[in-house]
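Asker:
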Ligand code: B12
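Here you go:
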């Protein structure tokens, strides 16, 4: 009894944070996790985020993970050999995924290359330097701060701490509110920056004060974006935010957040395997900082390969969607065009856009790039967004920014969707 009474005092002395219980799904919620893992296993294209998510889960399909690793290694070699686009954040995710498979990303056997090996660690250092140079000269990274954070995180997890200037840039960016898109703080970016800085903090003795202060500032900002139901930012930033908070032992009612996520899984909100891959680590009580702690030899092969789900046919009942495309930026002549599209209930916004294009190609023609998240709209009416000017097509329903891409979002009857050429 006496010992029990001492416990709260001891907790205070040690810092309550140290004693916070680890938070993850319950046994009954595990079926939802398995559902997500199945969506991820069915992904065919090489995708480091998917493999990383699968490796941080507690159940495994060993042959499928091995095949994904091989595909990833071959894909990295091909990208380097053929000089294909390979952004810094992408290289960082490849490194993290390989580490999570207990493989060294700096020694990938590559008989195709003259050196005989591919050193992704070295490549990442080079890519990060290019990002830093762009910050120096242009005031913004080549890609974005989400990727710079991934770079610092992956290098730190590989024990490469020669990233002091990058850490400084991340700290400056956090202090100067540079993690925002269109004026609102990107919880995803803040969360990955916290993970990167936490890795640096844990690897440096004594932990640098400015790093600790920035972690504290960012975790407070992330917490300010916690909604009453437990979602942090939006559904798709919540997983990364949970990782950032948990690795810093911030108490944020984690089980309430899990309660908010679980029903969304069966409702289909995480059917995009990318979304699944980013929420899995937190549901399993893990973070990207665990990639070097995994014991691959101890994995059990206990996740059967799923059958491909058949797609449900669309309902015959048509719905009307109002679709507007707008440009007010001075880079091009202003325009605003609206069309009403009649389409089957359950169609995606992409289907609406295709039909609008068919009805009036001059005004509604568009192009997409296929990314890991699905189709990313690059142009409408011939007007292209670009990384250099930080312009893109932003999608809203009424005045609310869509939290899904055009390939996943399913408009309702009478909904008014706008695509507005915007700056980020
Ligand atoms: C940076 C970023 C952007 C930038 C990308 C440009 C740039 N140069 O940085 C901008 C501001 C343009 C952007 C736009 C959008 N984004 Co965004 N974006 C991100 C963020 C923070 C990081 C992406 C990244 O660099 N990943 C790392 C690299 C290595 O991976 P990558 O696959 O190569 O990254 C590219 C693609 O992800 C692509 N991209 C970025 N966002 C989106 C969204 C969709 C739907 C698609 C298909 C592709 C895509 O741009 C990246 C850089 O080239 C993620 C956060 C996250 N949790 O992943 C959100 C995120 C991916 N975006 C999201 C959304 C919803 C959008 C928009 C649809 C928002 C809107 N209402 O219009 C638009 C896309 C509209 C379109 N034109 O099709 C969601 C996707 C959720 C989901 N379930 O689909 C995320 C997860 C943010 C969130 N928590 O809501 N985004």
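Residue numbers (full-length UniProt numbering): 1 to 424.
We put the CB at the ideal spot given by N, CA and C, even for glycine.
#1: Quick one: measure Cβ to Cβ for residue 89 and residue 143, integer angstroms, because I've assumed they're closer than 8 Å.
#2: Indicate, with yes or no, if the ligand B12 has a heavy atom lying under 7 Å from the CB of residue 173.
#3: So for residue 336, helix, strand or coil by DSSP?
#4: Quick check on this structure: which residue in 78, 146 and 278 has the alpha carbon closest to the alpha carbon of residue 36?
#5: Please classify residue 9 as buried or exposed, where buried requires at least 16 other C-beta atoms within 10 Å of its C-beta.
#6: Tell me the residue span of the alpha helix (DSSP H) that contains residue 90.
#7: Whether or not the stretch 392-410 and the stretch 303-313 are in contact is what I'm after, with contact meaning three or more pairs of Cβ atoms, one per stretch, closer than 8 Å; do they touch?
#8: Using C-beta distances below 8 Å, list every residue in its chain close to residue 410, excluding the 5 sequence neighbours before and after it, in chain order.
#9: Assuming residue 92 contacts residue 51 under a Cβ cut-off of 8 Å, what Cβ separation, rounded to an integer in Å, is found between them?
#10: To the nearest angstrom, report how far apart residue 421 and residue 408 are at their CA atoms.
#11: Flag residue 509 as yes when its Cβ comes closer than 7 Å to any non-hydrogen atom of the ligand B12, and as no otherwise.
#12: Helix, strand or coil, according to DSSP, for residue 75 in the structure here?
#13: Hey, quick one: how far does the beta strand (DSSP E) through residue 376 stretch, first residue to last?
#14: Could you tell me if residue 246 is buried or exposed, where buried requires 16 or more neighbouring beta carbons within 10 angstroms of its beta carbon?
#15: Any heavy atom of the ligand B12 inside 7 Å of the beta-carbon of residue 367?
#16: Could you tell me if residue 68 is buried or exposed, where buried requires 16 or more neighbouring beta carbons within 10 angstroms of its beta carbon?
#17: Reducing DSSP to helix, strand and coil, say where residue 395 ends up.
#18: Taking one C-beta from the stretch 29-48 and one from the stretch 255-273 each time, how about it: are there three or more such pairs within less than 8 Å?
#19: List the whole-angstrom C-beta distance separating residue 280 from residue 56, where the pair is believed to meet the contact cut-off of C-beta under 8 Å.
#20: I need the straight-line Cα distance from residue 43 to residue 394, nearest angstrom please.
#21: Contact defined as beta carbons within less than 8 Å: I believe residue 230 pairs with residue 241. What is the distance between those atoms, to the nearest angstrom?
#22: Per DSSP, residue 323 is paired with what?
#23: Where do the ends of the alpha helix (DSSP H) carrying residue 287 lie?
#24: Would you report the Cα separation of residue 218 and residue 23, rounded to the nearest angstrom?
#25: Taking DSSP as the reference, what is the three-state secondary structure of residue 367?
#26: DSSP three-state label for residue 59, please.
#27: How about residue 186: is its Cβ closer than 7 Å to a heavy atom in the ligand B12?
#28: So, helix, strand or coil for residue 354, using DSSP?
#29: Do you know how far the Cα of residue 252 is from the Cα of residue 189?
#30: Could you compute how far the alpha carbon of residue 206 sits from the alpha carbon of residue 187?
Answerer: So, from the listed chains and residues:
#1: 6 Å
#2: no
#3: strand
#4: 278
#5: Here the model assigns residue 9 a pLDDT of 36, short of 50, so the residue's position is not dependable, and the following value carries that caveat. Under this definition residue 9 is an exposed residue.
#6: 88-100
#7: no
#8: 346, 347, 348 and 349
#9: In fact, because the Cβ distance is near 14 Å, the residues do not count as touching under 8 Å.
#10: 20 Å
#11: In this structure the chain extends from 1 to 424, so residue 509 is not present and cannot be described.
#12: helix
#13: 374-380
#14: buried
#15: no
#16: buried
#17: strand
#18: yes
#19: 6 Å
#20: 27 Å
#21: Between residue 241 and residue 230 the Cβ distance is about 11 Å, and since that is not below 8 Å, they are no contact.
#22: 339 and 417
#23: Here residue 287 belongs to no alpha helix (DSSP H), and DSSP marks it neither H nor E.
#24: 21 Å
#25: strand
#26: coil
#27: yes
#28: helix
#29: 19 Å
#30: 28 Å
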